[in-house]
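Just so you know, the sequence shown maps onto residues 0 to 748 in numbering that gives the first Met the number 0.
In this text, a Cβ means the ideal position worked out from N, Cα and C, and glycines have one as well.
Everything numeric in this text was worked out from a predicted model, so none of it was measured.
Read through the structure below, which is laid out as structure tokens, and then see the notes.
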Amino acid sequence: MDKSFSPSDVEPRWRARWEELGVGIADVSSSRPSFSIALPPPNITGALHAGHALQQSVQDILARHRRMLGYEVEWCPGTDHAAIATQNVIERQLAAEGTTKEELGRERFQARVGAWYEEYGGRIFEQMRRLGFSCDWSRARFTLDPAYVRAIRVVFKELYDSGLIYRGPRIVNWCPRCGSAISDEEVEWQEHTDCLISIRYPIEGGGEIVIATVRPETILGDTGVAVAPGDPRYAALVGRNVILPLTDRMVPIFEDEAVEPQFGTGALKVTPAHDPTDYDIGQRHSLPMVSVIALDGTMDIPELPLFHGLTVNQARVAVTEALRQLGLVAGEEEYVHSVGHCDRCKGVLEPLISEQWWVTMRPLAEPAIAVVESEEVRFHPRRFAAVYLDWMRNIRDWCISRQLWLGHAIPVSTCGNGHRFAWIVHPTSCPECGSTELRDDPDVLDTWFSSALWPFAIFGWPEDTPDLRRFYPTDVLVTAREIIFLWVARMVMTGLRFAGAKPFGDVIINSTILAGDGSRMSKSKGNVVDPLDMIERYGADAVRAWAGAVGTSGQDMRFDENRIASYRLFANKLWNATRLLVTRLGDGETISTVLEVEPEALRAEDRWILARVAETVEACDAAIAGYRFHEVMERLYDVTWHGFCDWYVEMIKGRLADDAELASRAAAGWTAVTVLDTLLRTLHPLMPFVTEECAVRLPAAAPTLQRREWPAPPAWWRDGANGAASGVDRVIELVGALRNARHDAGLPN
Numbered sequence: 000m001d002k003s004f005s006p007s008d009v010e011p012r013w014r015a016r017w018e019e020l021g022v023g024i025a026d027v028s029s030s031r032p033s034f035s036i037a038l039p040p041p042n043i044t045g046a047l048h049a050g051h052a053l054q055q056s057v058q059d060i061l062a063r064h065r066r067m068l069g070y071e072v073e074w075c076p077g078t079d080h081a082a083i084a085t086q087n088v089i090e091r092q093l094a095a096e097g098t099t100k101e102e103l104g105r106e107r108f109q110a111r112v113g114a115w116y117e118e119y120g121g122r123i124f125e126q127m128r129r130l131g132f133s134c135d136w137s138r139a140r141f142t143l144d145p146a147y148v149r150a151i152r153v154v155f156k157e158l159y160d161s162g163l164i165y166r167g168p169r170i171v172n173w174c175p176r177c178g179s180a181i182s183d184e185e186v187e188w189q190e191h192t193d194c195l196i197s198i199r200y201p202i203e204g205g206g207e208i209v210i211a212t213v214r215p216e217t218i219l220g221d222t223g224v225a226v227a228p229g230d231p232r233y234a235a236l237v238g239r240n241v242i243l244p245l246t247d248r249m250v251p252i253f254e255d256e257a258v259e260p261q262f263g264t265g266a267l268k269v270t271p272a273h274d275p276t277d278y279d280i281g282q283r284h285s286l287p288m289v290s291v292i293a294l295d296g297t298m299d300i301p302e303l304p305l306f307h308g309l310t311v312n313q314a315r316v317a318v319t320e321a322l323r324q325l326g327l328v329a330g331e332e333e334y335v336h337s338v339g340h341c342d343r344c345k346g347v348l349e350p351l352i353s354e355q356w357w358v359t360m361r362p363l364a365e366p367a368i369a370v371v372e373s374e375e376v377r378f379h380p381r382r383f384a385a386v387y388l389d390w391m392r393n394i395r396d397w398c399i400s401r402q403l404w405l406g407h408a409i410p411v412s413t414c415g416n417g418h419r420f421a422w423i424v425h426p427t428s429c430p431e432c433g434s435t436e437l438r439d440d441p442d443v444l445d446t447w448f449s450s451a452l453w454p455f456a457i458f459g460w461p462e463d464t465p466d467l468r469r470f471y472p473t474d475v476l477v478t479a480r481e482i483i484f485l486w487v488a489r490m491v492m493t494g495l496r497f498a499g500a501k502p503f504g505d506v507i508i509n510s511t512i513l514a515g516d517g518s519r520m521s522k523s524k525g526n527v528v529d530p531l532d533m534i535e536r537y538g539a540d541a542v543r544a545w546a547g548a549v550g551t552s553g554q555d556m557r558f559d560e561n562r563i564a565s566y567r568l569f570a571n572k573l574w575n576a577t578r579l580l581v582t583r584l585g586d587g588e589t590i591s592t593v594l595e596v597e598p599e600a601l602r603a604e605d606r607w608i609l610a611r612v613a614e615t616v617e618a619c620d621a622a623i624a625g626y627r628f629h630e631v632m633e634r635l636y637d638v639t640w641h642g643f644c645d646w647y648v649e650m651i652k653g654r655l656a657d658d659a660e661l662a663s664r665a666a667a668g669w670t671a672v673t674v675l676d677t678l679l680r681t682l683h684p685l686m687p688f689v690t691e692e693c694a695v696r697l698p699a700a701a702p703t704l705q706r707r708e709w710p711a712p713p714a715w716w717r718d719g720a721n722g723a724a725s726g727v728d729r730v731i732e733l734v735g736a737l738r739n740a741r742h743d744a745g746l747p748n
């Protein structure tokens, strides 16, 4: 063996070996019990980031562990077409070239996107391979695959025909820059400091009511003034009208429970067309919708040319100044509040009324609530079940249409006679009247609509395929807390309705990795950690061990490169222990000739390490079952480094000498190799490269540890736990105390 472990030499060799052996490929016809995971599909044009490395490492740990337990494991990978993200990238490229998608035209734009997918589509899979992920690459899926497209159309048509999909005008989060609606769950909230302006609204017949707002430009779309029920300040005004400033319109004053009497003046200007809360109030009180902001983010009020065509920010200044000149500004102060931004282009969103496609969610949500309440679907950590249930119990209809050029076309056509219908195969005529004059819907589906089908569509649904029968439902989902609503909840709903079963049994919410200072990682801040850089510095095993140690708490975790470096040292420690044994005993078949010993021949230190390893494996079994991978890594690190390498190997060096007494040498050799083999197998799911490279030096019955059984130490290993083992523990404690005393006295150890 080389003097030191070299990841750059070892990793490519073992990646090729696993692929050659087909380690990740599942046999649908095998008699073994099945275990399946659907990889949360990263964006096809994306690059591996720290969150991917952590989340996917956790999945690979599960997959490798289950293979060693004798399961037929299907870890199905795939990628998402990422419509908004990809379209934004292409549009930025076109802008740099001095053109636009409109000038290019749809056909050439789609060709440009196809070339982009072709160039970058395989990048993230290659990066995943660098970490040794044992996905079933033969079953890799893409959300624009023809079979996947068909599944989406089948789901859409069923929901449409059953009346759960409808088209209508409602308030949406509109991104003027992307030119599309954005779902509530895709809004990125950022703190803004704006001017809270108090405006005097004249009351018909005399008097005034003062209202505070950060959006004076939307005053032109007000259709009411709301106050809290029973507020004594305004009780006498309820039922009267105000004269809307800058216009001659009258709008009513009324009571509504949504008003917070402590905010501002306790009176609320209601603009149903440009605020979600106001929209709900408007629905309750049958207020008209007056839109004053256009889809491009400019003011749309031709009757007031002073403001028409201004941007929202320009109009805010202009309206405030106009009110000031009329003496209607009662006060101004700084106010910090949250403003919605597009999570893709980062532009400010505008709530406005738009004709969109919607899914009625309540009938879909009720069964999905029941399976979590009954713990058929379990969250880890458990607190996230409450997060899921709270959102589901207050669910709103889902806006599923996007005004993009890229994505799954909404499978709806309208004929020349006005008949609208959904389809699976693109039609040539209207099924109701036979008209061949058809107009396709111009919008595309929200990416999360297609992603919601992932756990069953990847296995061939709606066809009754062997893969679907064998691997659906999947067993575990590993995902981020940010997409519990966007993705997890919707997969549960669609899985129950269309595939007839929950999509997974356990949902592991992985940790969120923050920068070292506790802030969110961001390219603009320059604090993003590239896992490929970490692999180059420390090796894939160190990155994976770090992921296992921090990955399943569901908490925010600060990135600590020193921790990855410590696992690189741990890999070296494991390597050096293996090298020492191979040097003393010989490797492969040579070792096997000295490994013939009876348990009665073992000494106290032999029984001690066997007991400690048996306890560790048992603890790891319980921790893995509870998805507490940090406990697994902590226990294995401790028993390997401190128990085996620092103490046991040092204790037996003399017994392994060539001139040592034969029975003692055999007992020490057998124990050391048996313990090392057990540790390598237990560590393998977390650190597959170094464990494989060490294991080939030992007597082995398989070409890879993935074909070895998960350790199950016999009961007699634990026999020494209270006898010989406790005696060795006392010796170790005594030696430690002596070393500390010498250190405190300034004496060398």
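Just to confirm the assignment, what range does the beta strand (DSSP E) spanning residue i have?
{"i": "Gly-223", "result": "223-226"}
{"i": "Asn-240", "result": "240-242"}
{"i": "Asp-277", "result": "Per DSSP, Asp-277 belongs to no beta strand (DSSP E); it is in the alpha helix (DSSP H), 275-284."}
{"i": "Ser-353", "result": "349-358"}
{"i": "Met-249", "result": "249-254"}
{"i": "Ala-817", "result": "Because the chain spans 0 through 748 in this model, residue 817 falls outside it and cannot be assessed."}
{"i": "Phe-34", "result": "33-37"}
{"i": "Leu-267", "result": "266-269"}
Let me make sure I understand the geometry here. Which of the options has the alpha-carbon closest to that of residue i?
{"i": "Ser-30", "options": "Asp-1, Gly-69, Ser-56, Ile-36", "result": "Gly-69"}
{"i": "Tyr-647", "options": "Asp-676, Glu-604, Arg-361, Val-689", "result": "Glu-604"}
{"i": "Glu-453", "options": "Asp-439, Pro-465, Leu-476", "result": "Strictly speaking, residue 453 in this sequence is Trp, with Glu absent from that position. The shortest C-alpha separation from Trp-453 is found at Leu-476."}
{"i": "Val-88", "options": "Pro-76, Asp-221, Phe-108, Ile-608", "result": "Phe-108"}
{"i": "Asp-474", "options": "Ile-24, Ser-7, Ala-37", "result": "Ala-37"}
{"i": "Glu-333", "options": "Trp-486, Thr-615, Thr-212, Ala-257", "result": "Thr-212"}
{"i": "Asp-277", "options": "Gly-326, Ala-235, Asp-221", "result": "Asp-221"}
{"i": "Phe-569", "options": "Asp-637, Asn-509, Arg-401, Ile-534", "result": "Asp-637"}
{"i": "Leu-143", "options": "His-418, Thr-446, Asp-728", "result": "Thr-446"}
{"i": "Asp-532", "options": "Phe-141, Val-186, Pro-41, Gln-126", "result": "Gln-126"}
{"i": "Arg-138", "options": "Gly-238, Val-27, Gln-189", "result": "Val-27"}
{"i": "Ala-488", "options": "Glu-106, Met-249, Arg-392, Val-269", "result": "Arg-392"}
Would you give the residue range spanned by the alpha helix (DSSP H) that residue i belongs to?
{"i": "His-64", "result": "49-67"}
{"i": "Glu-332", "result": "Unbroken run through Glu-332 is the beta strand (DSSP E), 328-341; no alpha helix (DSSP H)."}
{"i": "Pro-687", "result": "687-694"}
{"i": "Val-475", "result": "Premise fails: Val-475 lies in the beta strand (DSSP E), 475-478, not in any alpha helix (DSSP H)."}
{"i": "Tyr-387", "result": "382-392"}
Roughly how many angstroms separate the alpha carbons of residue i and residue j, rounded to a whole number?
{"i": "Glu-374", "j": "Arg-63", "result": "26 Å"}
{"i": "Leu-103", "j": "Arg-91", "result": "13 Å"}
{"i": "Ile-507", "j": "Gln-54", "result": "9 Å"}
{"i": "Tyr-119", "j": "Gly-45", "result": "8 Å"}
{"i": "Ile-300", "j": "Leu-219", "result": "8 Å"}
{"i": "Arg-149", "j": "His-307", "result": "45 Å"}
{"i": "Asn-575", "j": "Met-686", "result": "16 Å"}
{"i": "Arg-496", "j": "Arg-606", "result": "56 Å"}
{"i": "Glu-365", "j": "Lys-501", "result": "13 Å"}
{"i": "Ala-257", "j": "Ala-421", "result": "38 Å"}
{"i": "Ile-202", "j": "Tyr-233", "result": "12 Å"}
{"i": "Thr-297", "j": "Ser-290", "result": "11 Å"}
{"i": "Ile-352", "j": "Pro-168", "result": "6 Å"}
{"i": "Glu-259", "j": "Gly-223", "result": "16 Å"}
{"i": "Ile-423", "j": "Tyr-147", "result": "12 Å"}
Just checking my contact of residue i with residue j at CB under 8 Å: how many whole Å lie between their CB atoms?
{"i": "Leu-444", "j": "Phe-455", "result": "Rounded, the Cβ-Cβ distance is 17 Å, inconsistent with contact."}
{"i": "Val-755", "j": "Ile-123", "result": "Because residue 755 is not part of the residues shown, which for the chain are 0 to 748, the question remains open."}
{"i": "Pro-710", "j": "Thr-677", "result": "5 Å"}
{"i": "Ile-210", "j": "Leu-267", "result": "7 Å"}
Look up residue i in the DSSP assignment and give the residues it is bridged to.
{"i": "Thr-192", "result": "Val-335"}
{"i": "Ala-15", "result": "Bridge partners of Ala-15: none, in fact."}
{"i": "Tyr-200", "result": "Ile-208"}
{"i": "Met-298", "result": "Ile-292"}
{"i": "His-641", "result": "Per DSSP, none; premise fails for His-641."}
{"i": "Gly-77", "result": "Arg-140"}
{"i": "Phe-420", "result": "Ser-412"}
Taking 8 Å as the cut-off, is the beta-carbon of residue i closer than that to any non-hydrogen atom of the ligand NAD?
{"i": "Pro-39", "result": "Ligands in the displayed structure: none, and consequently the ligand NAD is not present."}
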